[in-house]
Each structure stands twice: as structure tokens, then as C-alpha cells.
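Novice:
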Amino acid sequence: AESTEADRVVGLCAMHSTLYGYALGNGTIGVYDKSTRVWRVKSKNQVMAINQFDLDADGVPELIGGWSNGKVEVRMDRTGEVVYRDHFASPVSSLLIADYRNDGRDEVICCGLDGEVR
Numbered sequence: 002a003e004s005t006e007a008d009r010v011v012g013l014c015a016m017h018s019t020l021y022g023y024a025l026g027n028g029t030i031g032v033y034d035k036s037t038r039v040w041r042v043k044s045k046n047q048v049m050a051i052n053q054f055d056l057d058a059d060g061v062p063e064l065i066g067g068w069s070n071g072k073v074e075v076r077m078d079r080t081g082e083v084v085y086r087d088h089f090a091s092p093v094s095s096l097l098i099a100d101y102r103n104d105g106r107d108e109v110i111c112c113g114l115d116g117e118v119r
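Just so we're aligned, residue 2 is where the sequence shown starts under the working numbering, counting upward by one.
Dropping the structure here:
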């Protein structure tokens, strides 16, 4: 099956099972289950990075979006509900998942265009 969106795809990330997150050039971010859209939201800002991570440790990863205005949002996979927000002074340049502290636990690493890392 094929899915058509209103603008160019600028980001994709596998979530779990048959779900995947996507971002469009027009500021839309959302989740598909195979070829069925589960949810989407549109912002006046551009999506700069997306990734997935199980932030609330429930065994199900959430979708993380980093935006051109420095906003970082974590959204539930099935509803799109925002469960965490943060803000950088510059656009988000990357969202990585890694063991940053070498303690055996992966965590979200957010990078800003100005070099800020959290």
C-alpha cells in the first residue's frame, strides 16, 4: 500500500511493531501504522529532527521532534499527546539515542545548532 502526504518527507523513524514516525517539510509530524495515519500535528515551524525513545519506561517508544525554533517535544505513539517539552536557544540540529554517560543506559541526546548538547 502507498501513502500520500501534502509535502516532502524530511524525516522517518521506525518506532515499534508496524508504527513509524514521519516529518514533512511543511512542519507536520505524526505516526503511521503501516499505511494508515494514526495522528499528525502541524506547526508553523520546521521539523529539524525526529527519533523515538521510551522516555516513560513503559516498553513503548514515544516520538521525539526537534524544531527550527528550538522546541523539543515528546509525543505518545498512539495519540500524539505531548508528554514532555524542552526548549533550546537555537534550532535543534539532531536527536540521538546513546549511552552518553557510559553507565549502560541509553538516553536522548539533543543537539542545538549553536553547539548546545543536553
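C-beta: ideal position from N, C-alpha, C; glycine also.
1) In three-state DSSP terms, what is Thr29?
2) Quick check on the burial criterion: 16 or more other C-beta atoms within 10 angstroms. Buried or exposed for Glu74?
3) Use the C-beta contact count for Asp57: other C-beta atoms within 10 angstroms, 16 or more gives buried, fewer gives exposed.
4) Could you give the distance in angstroms between the alpha-carbon of Val39 and the alpha-carbon of Arg119?
5) When we look at the beta-carbon of Leu13 and count the other beta-carbons within 10 Å, is it buried (16 or more) or exposed?
6) Can you tell me the Cα-Cα spacing of Asp87 and Tyr21, whole angstroms?
7) Are Val84 and Gly66 closer than 7 Å when you measure CB to CB?
Specialist: The structure says:
1) strand
2) buried
3) exposed
4) 30 Å
5) exposed
6) 23 Å
7) no
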